[in-house]
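Take a look at the structure below.
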Amino acid sequence: MNKKDILILFVFVIAVTAFSVFNVGYEPVHSDEITYLSIIKYQQDPSLYSKDLIISEILPNLPLPFYSILGLFSFIDEKYLFLFVYVMTRALLVLSVFFLAHTLFGDKLVSYFSVISVLLLRGEIGMVLGSYEILNKIATFSFFIAVPILLFSISFFLRKKYIISSILLTFSMYLHATTSIFILLLYGFYFLVNYKKINKAVIGSLVLFLLGSSYILIKSFSSASTNYLPIDKWIYFLSLRVSGHFFPSTWSILSYVLFGILILLFLISFKYKPKEEKHNKVILLSIGTLILCIISFFFTEILPVKQIVQASFLRGIVIFRVIAIIYVINYIIQSLKSSSRIHKQISLGISVFLLLLIIIPFFVGGHRGIFDEVNLEKPIGPWEDVALNSKDLTSKDSLFITPPFSLGFTFFSERSEFINWKTSGVGVYSSRYVAEAFSRFAFVCKHDFEFESRTELVEECTKGYENINEEDLKKTKDQYKITHIIVRKPKTLDFNLIYENEEYRIYEL
Numbered sequence: 181m182n183k184k185d186i187l188i189l190f191v192f193v194i195a196v197t198a199f200s201v202f203n204v205g206y207e208p209v210h211s212d213e214i215t216y217l218s219i220i221k222y223q224q225d226p227s228l229y230s231k232d233l234i235i236s237e238i239l240p241n242l243p244l245p246f247y248s249i250l251g252l253f254s255f256i257d258e259k260y261l262f263l264f265v266y267v268m269t270r271a272l273l274v275l276s277v278f279f280l281a282h283t284l285f286g287d288k289l290v291s292y293f294s295v296i297s298v299l300l301l302r303g304e305i306g307m308v309l310g311s312y313e314i315l316n317k318i319a320t321f322s323f324f325i326a327v328p329i330l331l332f333s334i335s336f337f338l339r340k341k342y343i344i345s346s347i348l349l350t351f352s353m354y355l356h357a358t359t360s361i362f363i364l365l366l367y368g369f370y371f372l373v374n375y376k377k378i379n380k381a382v383i384g385s386l387v388l389f390l391l392g393s394s395y396i397l398i399k400s401f402s403s404a405s406t407n408y409l410p411i412d413k414w415i416y417f418l419s420l421r422v423s424g425h426f427f428p429s430t431w432s433i434l435s436y437v438l439f440g441i442l443i444l445l446f447l448i449s450f451k452y453k454p455k456e457e458k459h460n461k462v463i464l465l466s467i468g469t470l471i472l473c474i475i476s477f478f479f480t481e482i483l484p485v486k487q488i489v490q491a492s493f494l495r496g497i498v499i500f501r502v503i504a505i506i507y508v509i510n511y512i513i514q515s516l517k518s519s520s521r522i523h524k525q526i527s528l529g530i531s532v533f534l535l536l537l538i539i540i541p542f543f544v545g546g547h548r549g550i551f552d553e554v555n556l557e558k559p560i561g562p563w564e565d566v567a568l569n570s571k572d573l574t575s576k577d578s579l580f581i582t583p584p585f586s587l588g589f590t591f592f593s594e595r596s597e598f599i600n601w602k603t604s605g606v607g608v609y610s611s612r613y614v615a616e617a618f619s620r621f622a623f624v625c626k627h628d629f630e631f632e633s634r635t636e637l638v639e640e641c642t643k644g645y646e647n648i649n650e651e652d653l654k655k656t657k658d659q660y661k662i663t664h665i666i667v668r669k670p671k672t673l674d675f676n677l678i679y680e681n682e683e684y685r686i687y688e689l
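Going by my numbering, 475 is the number at position 295 of the sequence shown; the sequence numbering is gapless.
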């Protein structure tokens, strides 16, 4: 690329990154990352969260180096640090998609439109399976940082720059191990089929990867090996809490139909494929993806194996989706340039279809509107207020019972939380946590924790929490060393009221 091309790319990256930030929106302390942001505070001050099951007991045994690294920058105001990470992640995604498209087809127009398509095809009708969206308001969830790094790694893999590809894969291991292992297995599958292409560079890159990622590999496998309860109970808990991430049987028919259409368009796009060696690599990576997805489906839905479930091979679909979109965009552009009337008509039909998928969410559904809110600071509502006052009015070793579906208490209060539904997603990687969560949820929900659906769980747990009484709390207080409870008005308890606002009350037990 000459200087003019570099300048145009620089302006393009700034413009589309800014658009994407305002299109998706930004929330500095998002519900999905609350648990991990709290562990940063725990690393800075180990006297916090001394009674919190997740933060002080479970998470320190899981491989979460990204949040340890993020904690090193605590001298920067968190609202600016989180915003910087968010914008950097989106800019890296733009660059990685552009670089991958240019690696495959060497066409700047294809590269630019591939970036735009990946950024605008979102939500349930964005040809995304399950909960594997790569665009979100989350500022510091490591998966969204790992994806661009992995796309760069694949680009260098296609270019036969295996050492650079290995370094990037090693780096991504410390961001999101499961998705990185998925890509590692794809590379392994390619060289298993093409074993004659294994040379010194390939062997050197493997050695480099193993040396660089040995810590995270050992940590990941050791954390996944211990069982604290029967696998059927663990699977049951996951089916209620994280079904969209792990269980294909729960995905909507619409998402399957649209993803099937993407696969069909990908196959049609072979009419204008990249150079043979690169195309063959893409084909083998795609076949490897299919094999891993079949393995994941069988050993998750039919014959569950804990390590396979935790590996979450299905998440690797996000990488295939980006490659497929790039192929489709190349087909459209090359068809419009060609003299073939049939391919021009097909490409126009595909273009209209993609435009509909992009435009419809602007008017219907959860992503309605072109722009979403961008907030540098988390708005302080009644819940955040009661959490902040919990910090001011209680000691560090306090343990709070909170409404089970509340969000962000540990982050704002810097106090231990008895149990919480949102943060219980960590149970995917800790059967020990799930074993304890069953009894704790049974208490706060006043239910034996046997539900037919998540809807029933929410209804029954909400009702049960509202009916917790003084006798229940007296029985459990000494067992868990509970010190406080937060209830929603108008509920009252015969304990010492230490704070209340327009919606909540804090009682000291």
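Note that beta-carbon positions come from the ideal geometry of N, C-alpha and C, so glycine has one too.
**Study point:** Distance between R595 and L228 (C-alpha atoms, nearest Å)
**Key:** Going by the C-alpha atoms only, they are around 7 Å apart.
Check your understanding: Contact between the region 616-629 and the region 572-589: three or more CB pairs below 8 Å?
Key -> Between the region 616-629 and the region 572-589 there are three or more C-beta pairs closer than 8 Å, enough to call the two in contact.
Review point. If you count every other CB in all the chains shown that lies within 10 Å of the CB of I305, and 16 or more means buried, which is it?
Key: I305 should be labelled buried.
**Study point:** Secondary structure of S596, DSSP reduced to three states
**Key:** Residue state, collapsed to three classes: strand.
Exercise for review: Compute the Euclidean distance between the alpha carbons of L365 and N647, then round it to the nearest angstrom.
Suggested key: The alpha-carbon atoms of L365 and N647 are separated by roughly 50 Å.
Point to revise | Three-state class that DSSP yields for Y660 in the structure shown | key: Helix.
Review point. What are the complete alpha helix (DSSP H) segments, minimum 4 residues, inside the region 255-321?
Key: The region 255-321 contains these whole alpha helix (DSSP H) runs: 258-285 and 288-300.
Review point. Taking the continuous beta strand (DSSP E) assigned at N676, which residues delimit it?
Key: Unbroken beta strand (DSSP E) run through N676: N676 to E680.
Check your understanding: Is the CB-CB distance between P130 and L273 below 8 Å?
Key -> Residue coverage of the chain in this structure runs from 181 to 689, which leaves residue 130 outside it and unanswerable.
Point to revise | Burial state of T635 (16 or more Cβ within 10 Å) | key: T635 is exposed by the Cβ-count criterion.
Review point. Looking at the unbroken beta strand (DSSP E) that takes in R685, where does it start and where does it end?
Key: Boundaries of the beta strand (DSSP E) around R685: Y684 to E688.
Practice item. Compute the Euclidean distance between the alpha carbons of L372 and F199, then round it to the nearest angstrom. Key: L372 and F199 have their C-alpha atoms some 42 Å from each other.
Practice item. Return the bridge partner residues of V554 from the DSSP annotation. Key: DSSP, once it has assigned bridges, lists Y206 as partnering V554.
**Study point:** Same chain only: Cβ atoms within 6 Å of Y408, ignoring 5 sequence neighbours per side
**Key:** Non-local beta-carbon contacts of Y408 in its own chain, meaning distances under 6 Å to residues more than five positions away in sequence, involve S611, R612 and A615 in chain order.
Review point. Can you list, in chain order, the residues of its chain whose CB lies under 7 Å from that of I343, leaving out five sequence neighbours each side?
Key: Same-chain partners within the cutoff: A381, G384, S385 and L388.
Practice item. Could you please give me the residues that DSSP links to F580 through a beta bridge? Key: For F580, the pairing in a beta bridge is given by DSSP as E597 and H664.
Point to revise | When N649, Y609, I505 and H664 are compared against A357, the one with the closest alpha-carbon | key: Looking from the CA of A357, the closest CA among N649, Y609, I505 and H664 belongs to Y609.
Point to revise | C-alpha distance - V201 paired with Y660, whole-angstrom precision | key: Taking the straight line from one Cα to the other gives about 43 Å.
Point to revise | Helix, strand or coil at G549 [DSSP, three-state] | key: DSSP places G549 in coil when its eight states are reduced to three.
**Study point:** Minimum C-alpha distance to Q514 - residue among Q224, D628 and V290
**Key:** Measuring from the Cα of Q514, the nearest candidate turns out to be V290.
Review point. Where does S335 sit, in a helix, a strand or coil, going by DSSP?
Key: DSSP places S335 in helix when its eight states are reduced to three.
**Study point:** Neighbourhood of F332 by C-beta, 7 Å cutoff - its chain only, sequence neighbours within 5 removed
**Key:** Closer than 7 Å at Cβ, skipping near neighbours: S276, F279 and L348.
Review point. Terminal residues of the continuous alpha helix (DSSP H) containing S604?
Key: Neither: S604 is in no alpha helix (DSSP H) and is coded neither H nor E.
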